[in-house]
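K.L.:
Each residue of the sequence shown is one higher than the last, beginning at 16 in this note's numbering.
Supplied in structure tokens, the structure appears directly below.
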Amino acid sequence: MKEVHVPLGGRHSAHCVEEAEEIVKELRAALAHAGITLPSLRIDPASLAREAPCPLVELGGCSVEVAARLVAALR
16 MKEVHVPLGG
26 RHSAHCVEEA
36 EEIVKELRAA
46 LAHAGITLPS
56 LRIDPASLAR
66 EAPCPLVELG
76 GCSVEVAARL
86 VAALR
């Protein structure tokens with residue numbers, strides 16, 4: 016098997032993306048535990064388009080009812 020050299024920045028970027036994916040999964044599970052669903056919850060694809068991705072979590076829009084439930088859950 017041929018050894019592939021990944022620049023340190025590439026490894027760091029890959030780690031950042033993996034970490035963001037895990038956090039989105041954990042956030043989705045925590046919200047579900049509180050009875051809250053954010054259908055648009057995801058990693059912002061535009062933040063991955065950079066040469067060295069720095070992922071942002073996109074929470075998306077939600078209804079006033081869901082926003083009120085978020086407030087109550089955070090209190």
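Ideal Cβ positions, reconstructed from N, Cα and C, are used throughout, including at glycine.
Just so you know, these numbers come straight off a predicted model, no measurement behind them.
Distance, Cα to Cα, E18 vs A67?
P.N.:
With a pLDDT of only 48 at E18, under 50, the local geometry of the prediction cannot be trusted, and no value is derived from it.
K.L.:
By the DSSP assignment, the alpha helix (DSSP H) with R90 in it spans what residues?
P.N.:
First-last for R90: undefined, no H or E at that position.
K.L.:
Under the rule that 16 or more other beta-carbon atoms within 10 Å means buried, what is P22, buried or exposed?
P.N.:
Residue placement at P22 is flagged as unreliable, the pLDDT there being 47, under the threshold of 50; the coordinate-derived value follows with that caveat. Burial call: exposed.
K.L.:
Return the CA-CA distance between L74 and E37, expressed in angstroms with no decimal places.
P.N.:
If I take the Cα positions, the gap works out to 15 Å.
K.L.:
Counting C-beta neighbours from all protein chains within 10 Å, is the total for P70 16 or more, i.e. buried, or is it exposed?
P.N.:
Buried, by the Cβ-count rule.
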